[in-house]
Amino acid sequence: MRAGSSAAAPGEGGGGAVSRRGSARSSRGPGGGYTANSFRTEGIVLRTHRLGEADRILEILTPDHGIVRAVAKGVRRSTSRFGSVVEPFMHSTLQIARGRKDLHTVSQAQLITPYATWLAADYELFSLAAAMAETVERVTAVDADGAQAQFRLFHGALAALSRRRHTPSLILSSFLLRTLSAAGWAPSFTDCARCGAPGPHRSLAIALGGMVCEDCRPSGSSRPAPETVGLLAALQVGDWGVADAASDLAVREAAGIVGAYLQFHVERRLVSLTVLEQMAQAAPPAPPR
Ligand SMILES: [Zn+2]
1 MRAGSSAAAP
11 GEGGGGAVSR
21 RGSARSSRGP
31 GGGYTANSFR
41 TEGIVLRTHR
51 LGEADRILEI
61 LTPDHGIVRA
71 VAKGVRRSTS
81 RFGSVVEPFM
91 HSTLQIARGR
101 KDLHTVSQAQ
111 LITPYATWLA
121 ADYELFSLAA
131 AMAETVERVT
141 AVDADGAQAQ
151 FRLFHGALAA
161 LSRRRHTPSL
171 ILSSFLLRTL
181 SAAGWAPSFT
191 DCARCGAPGP
201 HRSLAIALGG
211 MVCEDCRPSG
221 SSRPAPETVG
231 LLAALQVGDW
241 GVADAASDLA
251 VREAAGIVGA
261 YLQFHVERRL
271 VSLTVLEQMA
281 QAAPPAPPR
């Protein structure tokens with residue numbers, strides 16, 4: 001983990017020869033002062049909570065610091081210098097002053113992309129974005145690479161939703177599969193999830209991690225349509241050429257499978273699950289296979 005390393009850097013490495021006696025300059029010197037006590041980061045607001053009359057606590061997803069909690073002061077006054085930059089789904093550059101424990105303070109914010117404004121115009125899109133934000137909070141990345149992947153995935157999904165680049169429910173399904181993969185829970189939709197035998201296979205066993213061969217197949221495993229399995233594999237790697245061509249039936253069956261997989265790995269019930277169930281239930285009954 002490299003979290004926090006940028007702040008520690010000025011006092012490390014080649015700084016050993018610097019005299020520490022010059023206390024008059026110490027407020028800006030290595031290991032102390034402004035640079036150590038604040039950091040600059042790109043971030044997307046996941047959610048906000050009210051704090052007192054005028055302030056708000058923000059939960060912000062960042063590429064290098066994971067989820068940062070920071071107070072934005074005076075945001076509920078009409079004269080606030082932050083404006084709408086601190087609303088959920090706003091993407092901005094932030095200067096964060098380090099606080100005690102894990103609660104920091106936003107000292108500057110500059111808008112990069114107004115996703116909140118674009119999404120607010122459509123209730124369905126806004127709901128999907130909220131479901132994704134909740135999942136980000138609950139599914140923690142395993143390491144620094146995973147945390148960077150989570151930021152990229154959330155950013156990419158908001159951009160795709162805002163611009164309606166693909167069917168919105170597919171954007172959610174792909175985001176969830178890839179976020180679970182970044183957390184170390186990548187399902188397998190091609191090779192057998194248990195023994196690794198090359199696929200494609202016909203049986204799905206959520207508890208074993210995806211599609212399984214006939215030898216590994218537990219009783220009661222389901223048999224999704226081959227098109228659905230191909231769609232899931234495409235969503236997992238972001239192959240939109242395949243995903244955009246999928247039938248409605250496959251889209252809905254995939255939503256049900258992603259929901260079951262998410263439910264298996266996340267103890268707490270998430271909004272994403274309700275959304276996925278609604279998408280899956282809209283399906284006509286599947287023909288017996
Ligand atoms: Zn097997």
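Numbering (the UniProt record's numbering) for the sequence shown: 1 to 289.
Cβ coordinates follow ideal geometry from the N, Cα and C atoms, glycine included.
Residue i to residue j span [Cα, whole Å]
| i | j | result |
| --- | --- | --- |
| Ser-78 | Val-68 | 25 Å |
| Val-212 | Val-229 | 12 Å |
| Asp-55 | Ala-121 | 25 Å |
| Ala-250 | Leu-125 | 21 Å |
| Glu-53 | Phe-82 | 16 Å |
| Leu-231 | Ala-246 | 7 Å |
| Leu-270 | Gln-263 | 8 Å |
| Pro-285 | Val-45 | Residue placement at Pro-285 is flagged as unreliable, the pLDDT there being 47, under the threshold of 50; a coordinate-derived value is accordingly withheld. |
| Glu-42 | Leu-61 | 9 Å |
| Asn-37 | Asp-102 | 13 Å |
| Val-85 | Ala-255 | 32 Å |
| Gly-146 | Met-279 | 28 Å |
| Gln-95 | Gly-74 | 16 Å |
| His-265 | Ala-205 | 14 Å |
| Arg-165 | Ile-171 | 9 Å |
| Thr-105 | Met-132 | 25 Å |
Near ligand 1: residue i beta-carbon under 7 Å from a heavy atom
| i | result |
| --- | --- |
| Ala-141 | no |
| Ala-207 | no |
| Arg-194 | yes |
| Val-212 | yes |
| Asp-244 | no |
| Ala-129 | no |
| Asp-145 | no |
| Ala-133 | no |
| residue 297 | Absent from the structure is residue 297, since the part of the chain shown begins at 1 and ends at 289. |
| Ala-197 | yes |
Residue i burial status per 10 Å Cβ neighbour count (16 or more: buried)
| i | result |
| --- | --- |
| Glu-214 | exposed |
| residue 292 | Because the chain in this structure spans residues 1 to 289, residue 292 falls outside the shown range and cannot be described. |
| Gly-184 | exposed |
| Val-258 | buried |
| Ser-23 | Here Ser-23 scores only 37 on pLDDT, less than 50, and its place in the model should not be relied on; the value that follows carries that caveat. Answer is exposed; the Cβ neighbour count stays below 16. |
| Tyr-123 | exposed |
| Ser-219 | exposed |
| Phe-198 | Before going further, note that residue 198 is Pro rather than Phe in the sequence given. Flag for Pro-198 reads exposed. |
| Pro-200 | exposed |
| Ala-141 | buried |
| Cys-195 | exposed |
| Pro-226 | exposed |
| Gln-281 | exposed |
Residue i: CB within 7 Å of a non-hydrogen atom of ligand 3
| i | result |
| --- | --- |
| Val-229 | Among the ligands in the structure shown, ligand 3 does not appear; only ligand 1 can be found there. |
### Task
Would you be able to state if there are at least three C-beta pairs under 8 Å between the stretch 105-113 and the stretch 144-154?
Result no; under three Cβ-Cβ pairs closer than 8 Å.
### Task
Count the CB pairs spanning the stretch 180-193 and the stretch 240-248 that are closer than 8 Å, and state whether there are at least three.
The answer is no - the stretch 240-248 does not touch the stretch 180-193, with fewer than three Cβ pairs under 8 Å.
### Query
Counting Cβ pairs, one atom from each stretch, are 3 or more of them under 8 Å apart for the stretch 194-211 and the stretch 126-140?
The stretch 194-211, when compared against the stretch 126-140, does not touch it at the 8 Å Cβ threshold.
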